[in-house]
Amino acid sequence: MSRKHDALGIDIGGSGIKGAPVDLDKGCFAEDRLRIATPEEATPEAVCDVVEQVAEHFAVNTDVPLGITLPAVVTHGVVRSAANIDRSWVGLDADALFGQRLGRPVHLVNDADAAGVAERHYGAAKGEKGLVILTTLGTGIGSALLLDGHLVPNSELGHLEIEGHDAESRAAESVREREGLDTARWAERLQTYYSHLESIFWPDLIVVGGGVSKQADTFLPLLDLRTPIVPAKLRNKAGIIGAARLAARGN
Ligand code: BGC
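Residue numbers (my numbering): 1 to 251.
See below:
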């Protein structure tokens, strides 16, 4: 039996593929989330198999919009980069591949853009005017640029070159783990990153998302910035909620 929901969101991450139907009025999951491990060789075909399982699990009508996040640049459904995913994604018309396999229209978006849209409607950036930059600190650094509530997609501010390095290779959460940095040392890296960001963009607000946002009180107070900086509110639900929202409402 199929059920009527506003939209379905699926978040493709490095370790898990997670999905849930989303209530777009409230900005929350309409049913418990399902998580399936990301295939070791995360090619488009292998990932699509898992996405199909997740979509089938929720048995939603095929006319229910489906939004899918990917940790990559996505323009008009086509994947353009692969910093932390299998190279075989680059150049793929993912909207077409997923749409065909799932027998329904799908809308692929960058993972951080999805999180930014969710925070803008239901979380830490709700009602904010001016320029908001959301960054996600995880395996890489993702970013969403929101101007007066409108998303400027694929900003990719995790790849700014700072002091000769790709920014995410110095300041991502995965780097903190890999190099065994304590909070103070990692905060120094974040200080360099966010100072640079605010000196180029002069944002009105910075929102920090990704898994680490739940420990934000351990490192945000160590940063000295002129821009207000706050933790994201929707945590690891933001990708699913934002993708569903973009697929259903387009903003
Ligand atoms: C990718 C972005 C992505 C971010 C977070 C970066 O390496 O280039 O597209 O949003 O990681 O997953």
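In this text, a Cβ means the ideal position worked out from N, Cα and C, and glycines have one as well.
Residue i CB to nearest heavy atom of ligand 1 below 8 Å
i           : result
residue 165 : no
residue 25  : no
residue 57  : no
residue 136 : yes
residue 71  : yes
residue 236 : no
residue 112 : yes
residue 143 : yes
residue 83  : yes
residue 159 : yes
residue 149 : no
residue 227 : no
For residue i, the nearest candidate out of the options (CA to CA)
i           : options            : result
residue 50  : 243, 39, 59 and 60 : 39
residue 202 : 145, 78 and 70     : 145
residue 167 : 47, 137 and 65     : 137
residue 205 : 131, 251 and 74    : 131
residue 153 : 183, 135 and 123   : 135
Minimum Cβ-Cβ distance from residue i to chain B less than 9 Å
i          : result
residue 58 : The structure shown contains no chain B; it is built from a single protein chain.
Runs of alpha helix (DSSP H) lying entirely within the stretch 49-128, each at least 4 residues, in chain order: 94-102 and 111-122
Touch test, the stretch 192-210 against the stretch 158-169, Cβ-Cβ under 8 Å, three pairs minimum: yes
The stretch 111-125 contacting the stretch 11-31, beta-carbon criterion three pairs below 8 Å: yes
Three CB pairs or more closer than 8 Å across the stretch 216-235 and the stretch 85-104: no
Segment contact, 8 Å Cβ cut-off, at least three pairs: the stretch 231-248 with the stretch 114-133: yes
3-residue-minimum beta strand (DSSP E) runs that sit fully inside the stretch 8-52, ordered along the chain: 16-23 and 34-37
The stretch 23-31 touching the stretch 242-250, judged by at least three CB pairs closer than 8 Å: yes
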